[in-house]
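Let me begin by presenting the structure, written as structure tokens, before commenting on it.
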Amino acid sequence: MKIAVCVKHVPEGVKRIDASSKRLDRSGEGALNAFDANAVEEALRLKEAAGGGEVVLVSLGPAKAQDALRKALAMGADRAVLISDDAVAGSDLVATSYALAKALERENADLVLFGQQAGDSDGAVLWAAVADRLRRPMVSQAAELTHGDGKLTVKRQTEFGYDVIETPLPAVVAVSDAINEPRYPSLKGIMGAKSKPQETLSLADLAVEADRVGTDGSRTEVYALNAPPSRGESRKIDDDGNAAQQIVDFLAEKRLV
Amino acid sequence: MSTLVFLEHHGNELLKPSLGVLSKAASLGDEDVAGVVIGSDVRALADEAGKFGAARVHVADDPRLEAPLAQPRVDVLAQLVRDNGYDTVLFANSVLAADVAAGLAARLDAGLNWDLTDVVRDDGRLVGKRPALQDSIYVDVGWTSEPRLALFRQGSFDPTATGGSAEVEDVNVQLEEFSTSARMVEQAHEESEGPSIEDAEVVVAGGRGLGGPENFTLVEQLAKALGGAVGATRAVVDAGWYPYSTQVGQTGKTVAPKLYIACGISGAIQHKVGMQASGVIVAINKDPNAPIFEFSDLGVVGDVHEVVPKLTELVNQRKGS
Ligand SMILES: Cc1cc2nc3c(=O)[nH]c(=O)nc-3n(C[C@H](O)[C@H](O)[C@H](O)COP(=O)(O)OP(=O)(O)OC[C@H]3O[C@@H](n4cnc5c(N)ncnc54)[C@H](O)[C@@H]3O)c2cc1C
Ligand SMILES: Nc1ncnc2c1ncn2[C@@H]1O[C@H](COP(=O)(O)O)[C@@H](O)[C@H]1O
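So the sequences go chain by chain: E and Y.
Residue 405 is where the first sequence starts when you use the working numbering, and the numbers rise one by one after that.
Residue 4 is where the second sequence starts when you use the working numbering, and the numbers rise one by one after that.
Here you go:
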């Protein structure tokens with residue numbers, strides 16, 4: 405089974421939005437999006453269970469994203485493909501899904517996996533856009549995945565309880581972070597990752613038109629950055645043995661008891 | 004502006020967050036606010052939507068639409084937008100709606116802004132309000148395409164019944180093959196006991212700070228004294244301390260009681276989005292730097308094992324006197 409895993413390089417530490425470009429500051433150190441380690445882990449387990457196949461990482465991001473991809477290679481993925489081009493910066497959902505779909509079409513995997521969400525955009529939506537572009541069935545929030553007879557069975561959590569969904573392959577699945585405990589790369593894995601293929605593709609390599617990505621290909625924009633509204637007056641007290649009484653007084657004042 | 008609102012239902016009810024978005028759309032002053040109900044045997048739900056401001060309700064009623072799966076719904080919405088020229092499509096966030104909205108964005112090459120808490124009209128232009136980076140910054144966002152797609156955080160708007168009635172139109176449902184190849188084989192609904200936390204006026208919620216499942220009795224007793232319901236964080240639900248049906252937050256329920264008391268809860272953003280619309284928030288946490296204090300009206304730095312039982316006793320005394 406050939407599995408493509410979409411993984412993202414996200415800024416590490418405290419994130420900030422640059423006031424002039426109104427974009428997330430991506431100049432500092434970055435790392436593999438933590439939620440994507442769950443998708444990589446699941447891909448490795450499926451490959452192991454199937455007794456063979458290939459796990460390919462597919463990413464869109466700055467050139468230094470290759471470092472983040474190396475971590476996933478150290479976990480056991482076989483090779484990595486990074487779409488990196490100056491023209492891609494500032495891509496929103498519409499543009500990102502377009503470019504990723506182009507790279508995924510080229511890979512033509514049986515299964516495309518996504519993580520729960522990108523730690524910087526908190527979108528948790530990309531898979532649905534990519535699946536639509538690929539015209540493949542899609543299941544999100546997978547908390548359990550089993551493969552057999554050419555189909556996948558997915559158990560997932562919703563607001564109302566659990567769903568069990570079956571889909572034929574090829575398919576697109578987004579996993580929840582509850583699905584597994586990602587393995588730590590072994591020393592051997594870390595050493596071996598250095599010699600695994602890491603390809604960097606330009607837009608031209610994928611025949612992606614420049615006006616379909618970046619700011620030109622995006623359909624959303626940011627007008628202004630504002631401070632969060634304050635919740636109004638707020639009080640904080642230390643419990644000196646009397647806090648319960650102070651809470652009751654506060655509730656009485658608000659007519660809540 | 005002509006706006007279409009995706010109206011999600013569960014069982015025989017339209018969901019409150021979708022009706023809230025519909026009311027909001029109607030309040031923006033458009034003549035043409037429509038809703039769409041998609042499912043099987045759902046025609047009766049369409050009339051309900053008229054009461055919340057929809058002038059028109061499209062009904063896609065088809066057995067193939069029974070299971071709440073996103074992709075066939077994208078087909079229906081794409082067709083409606085193309086045939087009727089809607090320039091704005093609005094959604095209340097949910098597992099289903101997020102996937103529908105993003106699929107539609109790709110299908111129509113239309114901009115999607117998510118996690119919005121409000122939308123305003125500014126000089127004729129639609130502007131979305133979006134908290135970002137753990138709500139530390141509020142971003143004004145817009146669209147450069149039509150249609151414009153938006154997903155709103157649950158609880159952003161209250162539904163307001165205006166008592167109108169809607170013209171109901173049937174959709175001629177046409178589905179893509181790939182949209183219908185995934186199949187729902189089982190749906191298990193967890194129903195909670197006692198007062199539902201979504202309707203309760205008081206919610207007392209417990210987190211990992213309680214120390215163990217046995218200490219949930221502290222929370223239950225306080226909830227009982229206040230006539231409220233019990234909520235929980237995902238951390239304690241994942242640990243098996245309390246049932247999933249009580250989970251509050253991004254992947255659980257969204258609540259907006261008059262009073263929310265958080266006991267031993269750190270206040271992670273994913274929890275916050277499910278309870279921040281509460282009227283008054285009281286937090287008890289022994290860590291003075293816990294994020295929950297940043298959005299509490301009254302924060303108590305203290306031990307839940309000390310404070311909560313005393314509080315229950317005092318509330319019971321007040322009731323008794
Ligand atoms: C994709 C995703 C979705 C999520 N969805 C949700 C969701 O829907 N709902 C949700 O709740 N979470 C959700 N989470 C998890 C969320 O990020 C937090 O991990 C979770 O809310 C933490 O729960 P907690 O506050 O109980 O535990 P902790 O973060 O461990 O906090 C426990 C708190 O208790 C305090 N404490 C300890 N002992 C005491 C004591 N004796 N007295 C007083 N205070 C004490 C500690 O100081 C600490 O602040 C989600 C996470 C992800 C990644
Ligand atoms: N630039 C990217 N390149 C590859 N995969 C991505 C990228 N952005 C997001 N993803 C994938 O999509 C998932 C959801 O991202 P999002 O919808 O942006 O929160 C992530 O967990 C990743 O699996």
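Just so it is clear, CB atoms sit at the ideal spot from N, CA and C, and this is done for glycine as well.
Check	Outcome
Strictly below 9 angstroms CB to CB, what residues from chain Y border E:Glu570?	Ala185, Arg186, Met187, Val188
Hey, how far is the Cα of E:Ala614 from the Cα of Y:Ser26?	40 angstroms
Check for me: the beta strand (DSSP E) holding Y:Ala286 runs from which residue to which?	283 to 288
Looking at the structure shown, is E:Tyr502 part of a helix, part of a strand, or coil, going by DSSP?	helix
Restricting to Cα atoms, I'd like to know which of E:Pro601, E:Leu607, E:Pro541 is closest to Y:Arg186.	E:Pro541
Which two residues bound the contiguous beta strand (DSSP E) that contains Y:Gly234?	232 to 235
Considering just the uninterrupted stretch of the alpha helix (DSSP H) at E:Asp620, what are its terminal residues?	618 to 621
Using the beta-carbon of each residue, which ones in chain Y are nearer than 8 angstroms to E:Val652?	Leu314, Leu317, Val318, Arg321
Among E:Arg560, E:Asp524, E:Tyr588, whose alpha-carbon lies nearest the alpha-carbon of E:Lys475?	E:Tyr588
Would Y:Val258 and Y:Met278 be called neighbours here (beta carbons separated by less than 7 angstroms)?	yes
Between the alpha carbons of Y:Ile287 and E:Phe654, how many angstroms are there, rounded?	14 angstroms
To which residues does DSSP link Y:Gly145 through a beta bridge?	E:Glu625
Mind listing the chain Y neighbours of E:Phe564? Cutoff is C-beta to C-beta under 7 angstroms, in chain order.	His13, His192
Could you list the residues in the segment 267 to 292 of chain Y with a C-beta less than 7 angstroms from some C-beta on chain E, going in chain order?	Val283, Val285
Going along the chain, which unbroken runs of the beta strand (DSSP E) with 3 or more residues stay wholly within the segment 414 to 441 of chain E?	434 to 436
For Y:Asp102 and Y:Thr183, what's the separation of their Cα atoms in angstroms?	15 angstroms
Applying the 10 Å Cβ sphere with the 16-neighbour rule, what's the burial state of Y:Val142?	buried
What do you reckon, is the C-beta of Y:Lys289 under 6 angstroms from a heavy atom of ligand 1?	yes
How about Y:Trp117: is its C-beta nearer than 7 angstroms to some C-beta of chain E?	yes
To which residues of the same chain is Y:Ser168 closer than 6 angstroms at the C-beta, ignoring the five residues directly before and after it?	Gly53
Got a sec: which bits of the segment 415 to 431 of chain E sit with their beta carbon under 7 angstroms from any beta carbon on chain Y, in order along the chain?	Lys419, Ile421
Between which two residues does the alpha helix (DSSP H) harbouring E:Gln470 extend?	469 to 479
Closer than 6 angstroms by C-beta to Y:Thr6: which residues in its own chain qualify, once you throw out the five before and the five after it? Chain order, please.	Ala28, Asp33, Val36, Thr91
Could you give the C-beta distance for Y:Leu115 and Y:Ala100, rounded to a whole number, given that I count them as a contact under 8 angstroms?	Actually they do not touch by this definition, with Cβ atoms about 11 angstroms apart.
Once DSSP output is grouped into helix, strand and coil, what is the label at Y:Leu225?	helix
Let me check you understand the geometry: is the CB of Y:Ser269 closer than 6 angstroms to at least one non-hydrogen atom of ligand 1?	yes
Going by CA-CA distance only, name the one from Y:Val144, Y:Asn96, Y:Gly214 that's closest to Y:Thr236.	Y:Gly214
Report the option in E:Ser424, E:Arg483, E:Glu625 whose CA atom is closest to the CA atom of E:Gly593.	E:Arg483
Regarding Y:Gln137 and ligand 2, is the C-beta to nearest heavy atom distance less than 6 angstroms?	no
By the 10 Å Cβ neighbour count, where 16 or more other Cβ atoms means buried, how is E:Leu521 classified, buried or exposed?	It should be noted that the sequence gives Gln, not Leu, for residue 521 of chain E. That one is buried.
Pull the bridge partners of E:Asn630 from the DSSP assignment, please.	Y:Tyr141
Is there at least one non-hydrogen atom of ligand 2 closer than 6 angstroms to the beta-carbon of Y:Lys275?	no
Quick one: grab the DSSP three-state call for E:Pro589.	coil
How about Y:Thr254: is its Cβ closer than 6 angstroms to a heavy atom in ligand 1?	yes
Y:Glu16 touches chain E at which residues, Cβ-Cβ below 8 angstroms?	Residues of chain E passing the Cβ test: none, with the nearest at roughly 12 angstroms.
Taking just the CA atoms, how far does Y:Asp300 sit from E:Glu511?	53 angstroms
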